[in-house]
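Only one structure is covered here, and it is reproduced in the block below.
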Amino acid sequence: LAEKKVLIVYAHQSAGSFSAAAKEAAVEVLKSKDCSVEVSDLYAMKFKATATAEDITGEVKNSEHFRYAEETKLAWDEGRLSADITEEQRKLQEADLIIFQVMHGFPMYWFTVPAILKGWFDRVLTLGFAYTKEKRYSNGIFKVNKTKALLSFTTGSQETMFSPTGINGDMNVTLWPLQNGILHYCGFQVLAPQIFWAPADAAPEDRSAMLAAWNTRLQGLLDEKPLFYAPMDCFDCEKSFQLKPESVEKCVKEFGLTAGTHCGKPLPPNNQMKAGV
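Residue numbers (UniProt numbering): 1 to 277.
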(Lines of atoms letter the chains of each structure in order from A and count residues from 1; the text may use other names and numbers.)
(Lines give C-alpha, C1' and ligand atoms only; values in the text may rest on other atoms or scores of the structure.)
Protein backbone atom coordinates (compact mmCIF):
# COMPACT_ATOMS: atom_id res chain seq x y z
CA LEU A 1 0.00 0.00 0.00
CA ALA A 2 1.15 3.53 -0.76
CA GLU A 3 2.28 5.63 2.17
CA LYS A 4 -0.47 7.95 3.42
CA LYS A 5 0.45 11.61 3.73
CA VAL A 6 -0.90 13.85 6.48
CA LEU A 7 -0.71 17.63 6.72
CA ILE A 8 -1.27 19.28 10.11
CA VAL A 9 -2.01 23.00 9.85
CA TYR A 10 -1.17 24.19 13.34
CA ALA A 11 -2.21 27.55 14.76
CA HIS A 12 -1.02 28.09 18.32
CA GLN A 13 1.77 30.25 19.72
CA SER A 14 2.70 28.19 22.78
CA ALA A 15 4.67 24.95 22.79
CA GLY A 16 3.30 24.27 26.28
CA SER A 17 -0.37 24.43 25.27
CA PHE A 18 -2.96 21.68 25.18
CA SER A 19 -3.23 22.27 21.42
CA ALA A 20 0.50 21.59 21.12
CA ALA A 21 0.03 18.33 23.01
CA ALA A 22 -2.83 17.34 20.70
CA LYS A 23 -0.68 18.17 17.67
CA GLU A 24 2.26 16.13 19.00
CA ALA A 25 -0.05 13.20 19.71
CA ALA A 26 -1.27 13.29 16.11
CA VAL A 27 2.29 13.38 14.77
CA GLU A 28 3.39 10.47 16.96
CA VAL A 29 0.41 8.20 16.35
CA LEU A 30 0.16 8.81 12.62
CA LYS A 31 3.88 8.24 12.11
CA SER A 32 3.52 4.98 14.03
CA LYS A 33 0.85 4.05 11.46
CA ASP A 34 3.48 4.53 8.73
CA CYS A 35 2.09 7.87 7.60
CA SER A 36 4.26 10.70 6.36
CA VAL A 37 3.39 13.73 8.51
CA GLU A 38 4.14 17.36 7.63
CA VAL A 39 3.33 20.28 9.97
CA SER A 40 2.66 23.85 8.88
CA ASP A 41 3.28 25.76 12.12
CA LEU A 42 1.71 29.04 11.08
CA TYR A 43 2.96 31.21 13.94
CA ALA A 44 6.50 29.82 13.70
CA MET A 45 6.38 30.44 9.95
CA LYS A 46 5.07 33.99 10.55
CA PHE A 47 2.50 33.17 7.89
CA LYS A 48 1.01 36.33 6.35
CA ALA A 49 -2.69 36.58 7.19
CA THR A 50 -3.77 39.30 4.76
CA ALA A 51 -4.79 38.53 1.19
CA THR A 52 -3.21 41.30 -0.90
CA ALA A 53 -1.63 42.01 -4.28
CA GLU A 54 1.71 41.05 -2.68
CA ASP A 55 0.60 37.44 -3.10
CA ILE A 56 1.26 37.81 -6.83
CA THR A 57 4.66 38.16 -8.46
CA GLY A 58 4.82 40.44 -11.46
CA GLU A 59 2.13 42.77 -12.71
CA VAL A 60 -1.54 42.43 -11.83
CA LYS A 61 -4.12 42.60 -14.61
CA ASN A 62 -6.17 45.45 -13.17
CA SER A 63 -4.48 47.52 -10.47
CA GLU A 64 -7.24 50.14 -10.40
CA HIS A 65 -9.93 47.60 -9.57
CA PHE A 66 -7.99 44.80 -7.89
CA ARG A 67 -10.06 41.63 -7.50
CA TYR A 68 -8.20 39.08 -5.42
CA ALA A 69 -9.92 35.91 -6.63
CA GLU A 70 -9.58 36.71 -10.33
CA GLU A 71 -6.00 38.00 -10.03
CA THR A 72 -4.79 34.99 -8.04
CA LYS A 73 -6.55 32.64 -10.47
CA LEU A 74 -4.55 34.20 -13.32
CA ALA A 75 -1.36 34.08 -11.24
CA TRP A 76 -1.99 30.42 -10.37
CA ASP A 77 -2.49 29.61 -14.06
CA GLU A 78 0.79 31.32 -14.90
CA GLY A 79 2.82 30.12 -11.89
CA ARG A 80 3.10 33.59 -10.36
CA LEU A 81 1.72 33.09 -6.86
CA SER A 82 4.04 33.94 -3.97
CA ALA A 83 6.33 31.18 -2.71
CA ASP A 84 4.59 30.73 0.66
CA ILE A 85 1.24 30.10 -1.02
CA THR A 86 2.73 27.76 -3.60
CA GLU A 87 4.41 25.70 -0.87
CA GLU A 88 1.18 25.28 1.11
CA GLN A 89 -0.66 24.32 -2.06
CA ARG A 90 1.95 21.65 -2.72
CA LYS A 91 1.37 20.20 0.74
CA LEU A 92 -2.38 20.18 0.20
CA GLN A 93 -2.15 18.46 -3.16
CA GLU A 94 0.00 15.68 -1.71
CA ALA A 95 -2.02 15.08 1.47
CA ASP A 96 -4.52 12.30 2.04
CA LEU A 97 -5.62 13.91 5.31
CA ILE A 98 -5.46 17.46 6.65
CA ILE A 99 -5.85 18.20 10.37
CA PHE A 100 -6.43 21.80 11.41
CA GLN A 101 -5.16 22.02 15.00
CA VAL A 102 -6.32 25.35 16.38
CA MET A 103 -5.41 27.41 19.43
CA HIS A 104 -7.30 27.45 22.70
CA GLY A 105 -10.33 29.68 22.55
CA PHE A 106 -11.77 28.51 19.23
CA PRO A 107 -14.64 28.71 18.59
CA MET A 108 -14.91 31.33 21.31
CA TYR A 109 -12.19 33.14 19.39
CA TRP A 110 -15.03 35.34 18.17
CA PHE A 111 -16.74 32.10 17.09
CA THR A 112 -14.29 31.44 14.29
CA VAL A 113 -10.63 30.64 13.70
CA PRO A 114 -7.79 33.04 14.60
CA ALA A 115 -6.72 35.50 11.90
CA ILE A 116 -3.57 33.59 10.94
CA LEU A 117 -5.59 30.47 10.04
CA LYS A 118 -8.32 32.50 8.34
CA GLY A 119 -5.53 34.08 6.30
CA TRP A 120 -4.27 30.61 5.39
CA PHE A 121 -7.73 29.72 4.08
CA ASP A 122 -8.03 33.06 2.24
CA ARG A 123 -4.61 32.87 0.59
CA VAL A 124 -4.00 29.15 -0.02
CA LEU A 125 -7.45 28.08 -1.25
CA THR A 126 -7.28 30.18 -4.40
CA LEU A 127 -9.76 30.17 -7.28
CA GLY A 128 -8.72 27.55 -9.81
CA PHE A 129 -6.54 25.64 -7.38
CA ALA A 130 -9.14 24.83 -4.68
CA TYR A 131 -12.47 25.58 -6.34
CA THR A 132 -14.22 26.85 -9.44
CA LYS A 133 -17.85 27.72 -10.17
CA GLU A 134 -18.25 24.28 -11.71
CA LYS A 135 -16.18 22.35 -9.18
CA ARG A 136 -17.41 22.95 -5.64
CA TYR A 137 -19.22 21.18 -2.82
CA SER A 138 -19.83 17.50 -3.67
CA ASN A 139 -18.23 18.10 -7.09
CA GLY A 140 -15.28 19.92 -5.52
CA ILE A 141 -11.70 19.73 -6.71
CA PHE A 142 -10.41 17.74 -3.71
CA LYS A 143 -13.12 15.12 -4.18
CA VAL A 144 -11.04 13.46 -6.89
CA ASN A 145 -8.38 12.23 -4.48
CA LYS A 146 -10.88 11.68 -1.64
CA THR A 147 -8.84 14.02 0.55
CA LYS A 148 -10.08 14.05 4.14
CA ALA A 149 -10.03 17.04 6.49
CA LEU A 150 -11.03 17.76 10.06
CA LEU A 151 -10.96 20.50 12.66
CA SER A 152 -9.31 19.68 15.98
CA PHE A 153 -9.76 22.36 18.61
CA THR A 154 -10.23 23.32 22.24
CA THR A 155 -13.00 25.47 23.62
CA GLY A 156 -12.94 28.05 26.36
CA SER A 157 -16.50 27.15 27.40
CA GLN A 158 -18.12 24.02 28.77
CA GLU A 159 -19.92 21.67 26.39
CA THR A 160 -23.33 22.58 27.84
CA MET A 161 -22.82 26.19 26.73
CA PHE A 162 -22.65 25.02 23.10
CA SER A 163 -25.88 23.02 23.20
CA PRO A 164 -29.15 23.94 21.41
CA THR A 165 -30.32 25.47 24.70
CA GLY A 166 -26.93 26.88 25.74
CA ILE A 167 -25.91 30.53 25.82
CA ASN A 168 -23.36 30.09 22.99
CA GLY A 169 -25.84 28.25 20.79
CA ASP A 170 -25.68 24.93 18.98
CA MET A 171 -22.11 23.93 18.10
CA ASN A 172 -23.45 22.47 14.84
CA VAL A 173 -24.46 25.99 13.79
CA THR A 174 -21.05 27.40 14.75
CA LEU A 175 -19.27 24.73 12.70
CA TRP A 176 -21.41 24.99 9.56
CA PRO A 177 -19.63 27.98 7.92
CA LEU A 178 -16.21 26.43 8.47
CA GLN A 179 -16.94 22.83 7.64
CA ASN A 180 -19.48 23.38 4.86
CA GLY A 181 -18.45 26.80 3.57
CA ILE A 182 -14.70 26.11 3.40
CA LEU A 183 -13.84 22.41 3.63
CA HIS A 184 -16.84 20.78 1.94
CA TYR A 185 -16.98 23.67 -0.57
CA CYS A 186 -13.53 22.65 -1.82
CA GLY A 187 -14.54 19.01 -2.07
CA PHE A 188 -12.86 17.66 1.06
CA GLN A 189 -14.40 14.71 2.83
CA VAL A 190 -15.08 16.39 6.17
CA LEU A 191 -14.54 14.17 9.18
CA ALA A 192 -16.28 14.82 12.49
CA PRO A 193 -14.41 17.48 14.48
CA GLN A 194 -12.24 16.60 17.45
CA ILE A 195 -13.48 18.87 20.24
CA PHE A 196 -11.64 19.22 23.54
CA TRP A 197 -14.16 20.86 25.85
CA ALA A 198 -12.67 23.53 28.13
CA PRO A 199 -9.36 21.79 28.96
CA ALA A 200 -8.08 24.88 30.77
CA ASP A 201 -10.78 24.33 33.41
CA ALA A 202 -10.38 20.57 33.57
CA ALA A 203 -8.48 18.54 36.17
CA PRO A 204 -5.11 17.10 35.03
CA GLU A 205 -6.54 13.58 34.88
CA ASP A 206 -9.41 14.80 32.70
CA ARG A 207 -6.99 16.48 30.28
CA SER A 208 -5.03 13.24 30.14
CA ALA A 209 -8.26 11.38 29.36
CA MET A 210 -9.00 13.83 26.52
CA LEU A 211 -5.60 13.16 24.95
CA ALA A 212 -6.02 9.40 25.45
CA ALA A 213 -9.34 9.51 23.60
CA TRP A 214 -7.68 11.48 20.77
CA ASN A 215 -4.89 8.89 20.62
CA THR A 216 -7.47 6.15 20.29
CA ARG A 217 -9.34 7.97 17.55
CA LEU A 218 -6.15 8.66 15.62
CA GLN A 219 -5.57 4.93 15.25
CA GLY A 220 -8.46 4.62 12.80
CA LEU A 221 -8.83 8.21 11.64
CA LEU A 222 -7.99 7.58 8.00
CA ASP A 223 -10.76 4.98 7.76
CA GLU A 224 -13.53 7.14 9.24
CA LYS A 225 -16.62 8.01 7.24
CA PRO A 226 -17.21 11.71 6.52
CA LEU A 227 -20.05 13.91 7.67
CA PHE A 228 -23.17 14.12 5.52
CA TYR A 229 -23.74 17.02 3.12
CA ALA A 230 -26.48 17.19 0.52
CA PRO A 231 -24.95 16.35 -2.89
CA MET A 232 -25.12 18.84 -5.73
CA ASP A 233 -27.62 16.75 -7.66
CA CYS A 234 -30.19 17.45 -4.92
CA PHE A 235 -30.23 21.07 -6.07
CA ASP A 236 -31.52 22.80 -9.18
CA CYS A 237 -28.12 24.08 -10.28
CA GLU A 238 -29.38 25.44 -13.62
CA LYS A 239 -31.62 28.07 -12.07
CA SER A 240 -31.91 29.14 -8.45
CA PHE A 241 -29.71 26.56 -6.66
CA GLN A 242 -32.68 25.51 -4.54
CA LEU A 243 -33.34 21.99 -3.32
CA LYS A 244 -35.36 20.15 -5.93
CA PRO A 245 -38.95 19.45 -4.80
CA GLU A 246 -38.33 15.71 -5.05
CA SER A 247 -35.27 16.06 -2.80
CA VAL A 248 -37.33 17.83 -0.17
CA GLU A 249 -40.08 15.22 -0.38
CA LYS A 250 -37.63 12.32 -0.19
CA CYS A 251 -35.17 13.60 2.43
CA VAL A 252 -36.87 16.17 4.64
CA LYS A 253 -39.10 14.56 7.26
CA GLU A 254 -38.98 15.32 10.99
CA PHE A 255 -35.68 17.23 10.68
CA GLY A 256 -34.07 19.41 8.07
CA LEU A 257 -31.54 17.93 5.66
CA THR A 258 -28.45 19.43 7.31
CA ALA A 259 -27.56 22.09 9.87
CA GLY A 260 -27.55 24.67 7.07
CA THR A 261 -30.09 23.35 4.58
CA HIS A 262 -32.79 22.74 7.16
CA CYS A 263 -35.87 23.75 5.11
CA GLY A 264 -37.38 25.44 8.15
CA LYS A 265 -37.43 22.17 10.10
CA PRO A 266 -35.65 21.43 13.39
CA LEU A 267 -31.91 20.96 12.84
CA PRO A 268 -30.79 17.34 12.57
CA PRO A 269 -28.99 16.57 15.86
CA ASN A 270 -25.18 16.58 15.61
CA ASN A 271 -25.17 16.85 11.81
CA GLN A 272 -21.82 18.73 11.96
CA MET A 273 -20.35 16.71 14.81
CA LYS A 274 -20.97 13.02 14.07
CA ALA A 275 -20.87 10.97 10.89
CA GLY A 276 -23.99 9.10 9.83
CA VAL A 277 -26.57 11.61 11.13
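Using N, Cα and C, we set each Cβ at its ideal position, and we do this for glycine too.
Between residue i and residue j, is the Cβ-Cβ spacing less than 8 Å?
i, j, result
"Thr-155", "Trp-197", "yes"
"Pro-199", "Phe-18", "yes"
"Ala-149", "Leu-218", "no"
"Ile-99", "Ala-26", "yes"
"Pro-245", "Phe-255", "no"
Which residues in the same chain as residue i place their Cβ atom closer than 7 Å to its Cβ, once the five residues preceding and following it in sequence are excluded?
i, result
"Asp-55", "Thr-72, Leu-81, Ser-82, Ile-85, Arg-123"
"Asn-215", "Ala-25, Val-29"
Leaving out five residues before and five after residue i in sequence, what residues of the same chain have Cβ atoms less than 8 Å from its Cβ?
i, result
"His-12", "Ser-19, Ala-20, Lys-23, Tyr-43, Gln-101, Val-102, Met-103, His-104"
"Gly-119", "Phe-47, Lys-48, Ala-49, Thr-50, Ala-51"
"Asn-271", "Asn-172, Leu-227, Phe-228, Thr-258, Ala-259, Val-277"
So, is residue i buried or exposed, given that buried needs 16 or more other C-beta atoms within 10 angstroms?
i, result
"Gly-140", "buried"
"His-184", "buried"
"Thr-147", "buried"
"Gly-264", "exposed"
"residue 285", "Only positions 1 to 277 of the chain appear in the structure, and residue 285 is not among them; the question remains open."
Measuring only the C-alpha atoms, how far is residue i from residue j?
i, j, result
"Ser-63", "Thr-52", "11 Å"
"Phe-241", "Leu-92", "29 Å"
"Leu-117", "Met-171", "20 Å"
"Val-173", "Tyr-10", "23 Å"
"Phe-66", "Glu-59", "11 Å"
"Ala-275", "Lys-5", "23 Å"
"Val-37", "Lys-31", "7 Å"
"Ala-209", "Glu-159", "16 Å"
"Pro-193", "Pro-204", "23 Å"
Identify, in the order they occur along the chain, each residue of the same chain with its Cβ nearer than 6 Å to the Cβ of residue i, setting aside the five sequence neighbours on each side.
i, result
"Ala-115", "Ala-49"
"Met-232", "Tyr-137, Ser-138, Asn-139"
"Glu-224", "Leu-191"
At a cut of 8 Å, does the region 70 to 85 reach the region 120 to 132 through at least three beta carbon pairs?
-> yes
Is there contact between the region 249 to 268 and the region 165 to 185, where contact requires at least three CB pairs shorter than 8 Å?
-> Contact between the region 249 to 268 and the region 165 to 185 is established, with three or more Cβ pairs separated by less than 8 Å.
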